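Shown next, in structure tokens, is the structure this report addresses.
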């Protein structure tokens, strides 16, 4: 499984694993031309250095990150005109690295669908609790629509789906394609800041109540999907 950080340069989308300070640029060059390739290098260098500040628990400015990355300050500000954008990219990069490690270990230790699902939710809850402002900022930027440049905030395209598919691979053969896709889509509603906003800001639940409600709903959907699949295969 590879949780990925996603950035976009023009019409090219690129995914890479957090923690990989050494990027395979020869492979990247197959995706983008020379000029775009250099821009991608610069972008990743800035994000990686900013993420190091995040890991160290230090505040930073765009100029400080530029200096550490050995990138001109003027150039850095062209990539990240304001600190909020850079913090969003750096924090998500660092957060994804932690999630990758914790979820990977958990999934390797159990074949229980419930336990594997729980591992994903626990990692996601921890990430949201520690970076609530970051996730809300990214959601706000996302909802800003056309007023925000496409690369203004980081994306983790398909990560929810990828995580759930990895966790529920153990029950994949028990469901037909349509039911499996419906299960993954339904469970996706319980991951991410959107679910927290509904439960905590709209329903006024406490953090613990929101956590329990999401877990209860996810497990209920999983069990319902498996029960429905069993009923479909029973002889008439």
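In full-length UniProt numbering, the protein residues as written are 1 to 236. Even glycine gets a Cβ: it sits at the ideal position worked out from N, Cα and C. This structure is a prediction, so every number in the text was calculated from the model and none was measured.
Can you have a look at residue i and say buried or exposed, based on whether 16 or more other CB atoms are within 10 angstroms of its CB?
| i | result |
| --- | --- |
| residue 49 | buried |
| residue 82 | exposed |
| residue 105 | exposed |
| residue 172 | exposed |
| residue 113 | buried |
| residue 140 | exposed |
| residue 94 | buried |
| residue 238 | No information on residue 238 is available, as it lies outside the stretch 1 to 236 that the chain covers here. |
| residue 96 | buried |
| residue 38 | exposed |
| residue 204 | exposed |
| residue 27 | Because residue 27 carries a pLDDT of 40, less than 50, the predicted location of this residue cannot be relied on, and no value is offered for it. |
| residue 31 | Interpretation of residue 31 is limited by its pLDDT of 44, a score under 50 that renders its predicted location unreliable; the figure taken from the coordinates is listed afterwards. Result: exposed. |
| residue 129 | exposed |
Shortest alpha-carbon distance to residue i belongs to which of the options?
| i | options | result |
| --- | --- | --- |
| residue 56 | 91, 72, 79 and 198 | 91 |
| residue 77 | 102, 43 and 94 | 43 |
| residue 222 | 115, 108, 195 and 89 | 115 |
| residue 103 | 167, 177 and 210 | 167 |
| residue 125 | 229, 39, 217 and 208 | 208 |
| residue 134 | 111, 39, 109 and 193 | 193 |
| residue 69 | 129, 140 and 45 | 45 |
| residue 201 | 132, 95, 117 and 108 | 132 |
| residue 85 | 170, 51 and 58 | 51 |
| residue 229 | 199, 187 and 179 | 179 |
| residue 181 | 225, 107, 139 and 197 | 225 |
| residue 185 | 196, 73 and 218 | 218 |
| residue 227 | 205, 165, 74 and 176 | 176 |
| residue 199 | 108, 210, 190 and 220 | 210 |
| residue 169 | 110, 205 and 190 | 110 |
| residue 47 | 137, 117, 80 and 191 | 80 |
| residue 89 | 128, 100, 54 and 231 | 54 |
Helix, strand or coil: how does DSSP classify residue i here?
| i | result |
| --- | --- |
| residue 171 | helix |
| residue 136 | helix |
| residue 114 | helix |
| residue 191 | coil |
| residue 72 | coil |
| residue 127 | helix |
| residue 61 | coil |
| residue 53 | helix |
| residue 80 | coil |
| residue 96 | helix |
| residue 164 | helix |
| residue 206 | coil |
| residue 109 | coil |
| residue 67 | helix |
| residue 176 | coil |
For my contact list, residue i and residue j are in at a C-beta cut-off of 8 Å; report their separation, rounded to the angstrom.
| i | j | result |
| --- | --- | --- |
| residue 183 | residue 120 | About 14 Å separates the two Cβ atoms, so there is no contact after all. |
| residue 160 | residue 191 | 5 Å |
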